[in-house]
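**Q** The structure's right below; bear with me while I get my questions together.
Protein chains: 2
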Amino acid sequence: MKLREFAKQLGLSPTTVSRALSGYPEVSEATRARVASEAMRLGYRPDINAVRLKTGRAGAIGVMMGRSGEIHFAEFVSGMAQRLETADTDILITPITAHNDEDEIQAYRRLVESRRVDAVIIHSPRPNDPRIEMLNSLGVPFLVHGRSETEHVHAWLDIDNEGAVRRATEHLLDLGHRRIAMINGLRGKTYAIHREQGFRIAHQERGLTADPNLMVCDKFSDESGFRHARSFLESANAPTAIVAGSTMTALGVYRAVRSLGMTVGQDVSVIAHDDVFPYLTAENMVPSLSTTRSSMRAAGTRCAELTLQLIAGRAVDEIHELWPVELILRESTAPPRWR
Amino acid sequence: MKLREFAKQLGLSPTTVSRALSGYPEVSEATRARVASEAMRLGYRPDINAVRLKTGRAGAIGVMMGRSGEIHFAEFVSGMAQRLETADTDILITPITAHNDEDEIQAYRRLVESRRVDAVIIHSPRPNDPRIEMLNSLGVPFLVHGRSETEHVHAWLDIDNEGAVRRATEHLLDLGHRRIAMINGLRGKTYAIHREQGFRIAHQERGLTADPNLMVCDKFSDESGFRHARSFLESANAPTAIVAGSTMTALGVYRAVRSLGMTVGQDVSVIAHDDVFPYLTAENMVPSLSTTRSSMRAAGTRCAELTLQLIAGRAVDEIHELWPVELILRESTAPPRWR
DNA sequence: GGAACAATTGAAAACGTTTTCAATTGTTCC
DNA sequence: GGAACAATTGAAAACGTTTTCAATTGTTCC
């Protein structure tokens with residue numbers, strides 16, 4: 010059913026009906042109520058494409074999805090969904106194959122120029138991320154989940170990665186550990202750099218120096234956790250504690266420890282960053298895993314909210330949120346054995 | 010830049026430019042080439058909302074995302090993305106809060122009636138799923154990932170859940186196991202029913218009967234795997250083998266077995282269904298996990314393809330794909346101890 | 001060379017809304 | 001009761017494309 014027909018049935022003009030449904034103030038309460046209830050009864054719903062053409066609003070927020078299908082993606086998007094379901098705004102997932110920067114930039118450009126989205130959220134930026142400059146020059150509102158160090162101003166929400174790893178490392182140092190390994194995230198990403206800083210600073214505060222041989226960057230997976238932990242623990246001067254990038258990584262670390270006949274929490278302490286996945290919880294691991302915790306889902310919800318504010322015109326330089334990270338101590342961290 | 014302006018710069022009419030860009034046959038090759046290259050150079054791209062209004066095509070496939078943010082979701086969507094990136098079709102994620110059928114049905118109705126999508130994909134149906142009847146009555150193309158037993162004809166792609174669990178169970182029976190437990194998926198879903206059938210049939214073929222006390226339904230998670238495995242293994246007449254619904258479930262099962270001082274593959278055999286997640290691989294578990302395997306990502310890619318065919322007008326009753334499932338034996342399944 | 005046809009291009013209408021500006025109706029107050 | 005104003009409603013233009021139908025240009029063939 011179209012507006013013309015629906016309006017005719019109500020004995021009103023399309024103008025009034027449109028206003029009533031869009032909540033404009035100049036329509037009388039009685040009319041508005043009647044229009045609303047009849048719309049429900051007769052099943053009239055404005056054609057979203059006509060609305061979009063006329064208003065210029067796309068009614069969607071764009072998110073790029075890499076081919077790797079990152080583990081965090083579903084949780085983040087699900088968090089976004091929670092906020093957006095009352096905002097009449099969709100989430101548009103755009104596939105992206107690009108294996109180099111230039112292609113990726115082009116993919117964003119296509120997305121924005123075709124006016125499919127009102128705003129874009131980008132993830133895991135690097136310190137000087139070309140996407141930020143490009144989105145800036147296109148003039149589309151965008152929010153960075155994470156932070157960049159580019160000179161281009163941008164709205165962002167990030168967790169305190171540096172503080173998280175610093176506190177985790179301090180905790181291990183306080184327990185008496187002196188050789189601590191770190192299995193970090195993807196090299197070059199700002200979050201990985203911040204985490205490394207936290208790791209170094211914790212050492213420096215105590216007059217110690219983080220051993221570069223005990224620091225490695227890789228993707229978050231069970232497999233990489235296993236491989237690196239195994240390699241560390243078999244080396245000549247093995248660490249007594251490991252800081253892991255994610256609970257998935259920690260899973261592999263646990264496995265590596267066990268495979269060498271050792272026990273987590275006794276022979277080797279482990280602490281990891283936990284994005285809070287419903288299907289894998291740190292407290293259920295054996296032994297339960299000490300973590301720095303920040304909900305990826307909550308970040309998604311808040312990023313959606315902030316993006317809506319950006320679209321509504323809130324100033325970009327007002328939107329900078331740094332979330333503190335909880336430190337939750339469980340059984341996987343303890344003083345080193347020889348104490 | 011708009012069509013009018015772009016056409017004027019080229020010295021052509023909007024009509025010709027539109028036809029050139031849309032690949033209509035009646036435009037000369039020379040003109041088409043010039044239009045294409047100038048569009049690239051000047052950065053002209055049709056406003057997607059105008060195109061959609063005019064053509065009635067939404068250029069998007071809808072997927073509902075439950076609040077639970079299922080673990081499979083990211084892989085499936087990522088698989089879809091792989092097919093759709095060359096099809097100029099987006100994936101529209103619609104948040105859904107609904108906790109009852111009626112609300113969920115309404116959410117689908119809104120999505121379809123607002124013409125935001127050309128087709129919809131639904132997941133994990135039940136034998137008589139009301140969504141299928143509703144989508145049928147709305148006349149929108151839709152594909153079911155999974156199967157239903159409703160009388161309403163529907164296009165579907167499913168994996169052979171029955172065969173998968175049947176073969177897994179046969180394998181365990183052949184090894185000599187006689188008390189086998191099964192940790193199934195969500196009660197009432199068709200896939201869970203099929204898996205249960207496979208479990209029962211494997212027993213029946215050998216003149217045995219599956220013990221109802223050893224069958225349980227729950228969501229796929231580490232936690233539920235642990236809880237149920239623990240409960241089974243501590244019971245009076247404990248099973249010697251467990252069929253788990255997912256690799257996440259298996260993770261919890263492994264943990265439960267270890268927590269009781271037993272060893273997977275020696276004291277208890279475990280086999281699970283593996284949707285192939287990049288961050289948690291069955292062969293990396295210790296001991297490596299025997300599985301029935303079918304890639305969720307591949308299913309997403311194929312579902313996207315079939316949905317495009319549906320949109321293009323292919324007959325619904327032609328689209329029924331049942332995928333066989335690989336059985337991959339590793340270290341977690343072995344003859345029971347007392348043999 | 002021009003008739004007949006094919007190939008190519010263009011003008012104008014239309015998709016279904018929103019919104020500007022104008023018109024109508026209702027209310028207040030002397 | 002009617003002037004002055006406020007509240008409510010409507011007509012028509014517009015958003016940026018695609019597509020129908022008509023016009024123009026190019027080609028073939030006697």
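Read top to bottom, the protein sequences are chains A and B.
Read left to right, the first sequence gives residues 10 to 348 (the numbering used here).
Read left to right, the second sequence gives residues 10 to 348 (the numbering used here).
Note that the Cβ used here is the ideal one computed from N, Cα and C, for glycine as well.
Of the residues that make up the segment 35-60 of chain B, which ones have a beta carbon closer than 8 Å to any beta carbon in chain A?
**A** 52, 54, 55, 56, 57, 58 and 59
**Q** How many whole angstroms separate the CB atoms of residue 83 of chain A and residue 229 of chain B, which I take to be in contact at a CB cut-off of 8 Å?
**A** Between residue 229 of chain B and residue 83 of chain A the Cβ distance is about 13 Å, and since that is not below 8 Å, they are no contact.
**Q** Measuring CB atoms only, is the segment 177-188 of chain B touching the segment 277-287 of chain B, in the sense that at least three cross pairs come out at less than 8 Å?
**A** Taking 8 Å as the limit for Cβ pairs, the verdict is that the segment 277-287 of chain B does touch the segment 177-188 of chain B.
**Q** Roughly how many whole angstroms lie between the Cα atoms of residue 183 of chain A and residue 343 of chain A?
**A** 10 Å
**Q** Considering Cα atoms alone, identify which of A:145, A:70, A:257 and A:204 is closest to residue 99 of chain B.
**A** A:70
**Q** Among B:200, B:110, B:90 and B:244, whose alpha-carbon lies nearest the alpha-carbon of residue 307 of chain B?
**A** B:90
**Q** Over the uninterrupted beta strand (DSSP E) stretch that includes residue 127 of chain B, give me the two end residues.
**A** Boundaries cannot be given for residue 127 of chain B, as no beta strand (DSSP E) includes it and DSSP labels it neither H nor E.
**Q** Taking the DSSP output, what are the residues bridged to residue 226 of chain B?
**A** B:193
**Q** Under a CB-based cut-off of 8 Å, is residue 103 of chain A close to chain B?
**A** Yes - at least one Cβ of chain B is within 8 Å of the one on residue 103 of chain A.
**Q** For residue 293 of chain B, return the contacting residues in chain A, with the cut-off set at a CB-CB distance below 7 Å.
**A** For a Cβ distance threshold of 7 Å, residue set 231, 232 and 235 of chain A lies close to residue 293 of chain B, ordered along the chain.
**Q** With a threshold of 6 Å on Cβ separation, who are the neighbours of residue 299 of chain A within its own chain once the five nearest residues in sequence on each side are excluded?
**A** 280, 338, 339, 341 and 342
**Q** Which ranges would you report for the beta strand (DSSP E) in the segment 278-337 of chain A if only whole runs of at least 3 residues count?
**A** DSSP runs (the beta strand (DSSP E)) wholly in the segment 278-337 of chain A: 278-283, 299-302, 329-332 and 335-337.
**Q** May I have the straight-line CA-CA distance separating residue 245 of chain B from residue 221 of chain B, to the nearest angstrom?
**A** 15 Å
**Q** In whole angstroms, what separates the C-alpha of residue 196 of chain A from that of residue 50 of chain A?
**A** 56 Å
**Q** Which residues bound the alpha helix (DSSP H) around residue 252 of chain B?
**A** Residue range 250-253 is occupied by the beta strand (DSSP E) that includes residue 252 of chain B, with no alpha helix (DSSP H) assigned at that position.
**Q** In three-state DSSP terms, what is residue 116 of chain B?
**A** helix
**Q** Can you list the residues of chain A that residue 340 of chain B reaches, using a CB-CB cut of under 7 Å?
**A** Going along chain A, no residue has its Cβ under 7 Å from residue 340 of chain B, so there is no contact; the nearest lies around 13 Å.
**Q** Along chain A, in chain order, which residues have C-beta atoms closer than 8 Å to that of residue 428 of chain B?
**A** There is simply no residue 428 of chain B to check, as chain B begins at 10 and stops at 348 in what is shown.
**Q** Cβ of residue 220 of chain B less than 8 Å from any chain A Cβ?
**A** It does not: the Cβ of residue 220 of chain B has no partner Cβ on chain A nearer than 8 Å.
**Q** If you drop the 5 nearest sequence neighbours on each side, which residues of the same chain put their C-beta closer than 6 Å to that of residue 43 of chain B?
**A** If we look at residue 43 of chain B and ignore the five residues flanking it on each side, it has no Cβ neighbours.
**Q** The alpha helix (DSSP H) with residue 174 of chain B in it runs from where to where?
**A** 170-183
**Q** How many Å lie between residue 252 of chain A and residue 259 of chain A at the Cα?
**A** 9 Å
**Q** Cα-Cα, which of A:263, A:146 and A:314 is closest to residue 293 of chain A?
**A** Ranking A:263, A:146 and A:314 by Cα distance to residue 293 of chain A puts A:263 first.
**Q** Please tell me whether residue 336 of chain B has its Cβ less than 8 Å away from any Cβ of chain A.
**A** no
**Q** Tell me where the alpha helix (DSSP H) around residue 44 of chain A begins and ends.
**A** 38-51
**Q** Taking all protein chains shown into account, decide if residue 265 of chain A is buried (16 or more other Cβ within 10 angstroms of its Cβ) or exposed.
**A** buried
**Q** How many whole angstroms separate the CB atoms of residue 289 of chain B and residue 256 of chain B, which I take to be in contact at a CB cut-off of 8 Å?
**A** 6 Å
**Q** Name the DSSP bridge partner or partners of residue 70 of chain A?
**A** A:100 and A:128
**Q** Which residues does DSSP list as the beta-bridge partners of residue 235 of chain A?
**A** Residue pairing from DSSP leaves residue 235 of chain A without any beta-bridge partner.
**Q** Using 10 angstroms around the beta-carbon of residue 172 of chain A, count the other beta-carbons present and answer buried if the total reaches 16, otherwise exposed.
**A** buried
**Q** Rounded C-beta distance between residue 326 of chain B and residue 153 of chain B? I'm assuming under 8 Å.
**A** Between residue 153 of chain B and residue 326 of chain B the Cβ distance is about 13 Å, and since that is not below 8 Å, they are no contact.
**Q** The beta strand (DSSP E) with residue 266 of chain A in it runs from where to where?
**A** No beta strand (DSSP E) contains residue 266 of chain A, which is instead part of the alpha helix (DSSP H) from 256-268.
**Q** Within the continuous alpha helix (DSSP H) that includes residue 26 of chain B, where are the two ends?
**A** 23-31
**Q** Does any C-beta atom of chain A lie closer than 8 Å to the C-beta of residue 348 of chain B?
**A** Because residue 348 of chain B sits at a pLDDT of 43, beneath the cut-off of 50, its placement in the model cannot be relied upon, and the following sentence gives the value as read from the coordinates. Not an interface residue.
**Q** Do we get a CB-CB distance below 8 Å when we pair residue 290 of chain B with the residues of chain A?
**A** At least one chain A Cβ lies under 8 Å of residue 290 of chain B.
**Q** Against chain B, with Cβ distances strictly below 8 Å, would residue 307 of chain A count as a contact?
**A** The beta carbon of residue 307 of chain A does not come within 8 Å of any beta carbon belonging to chain B, so the residue lies off that interface.
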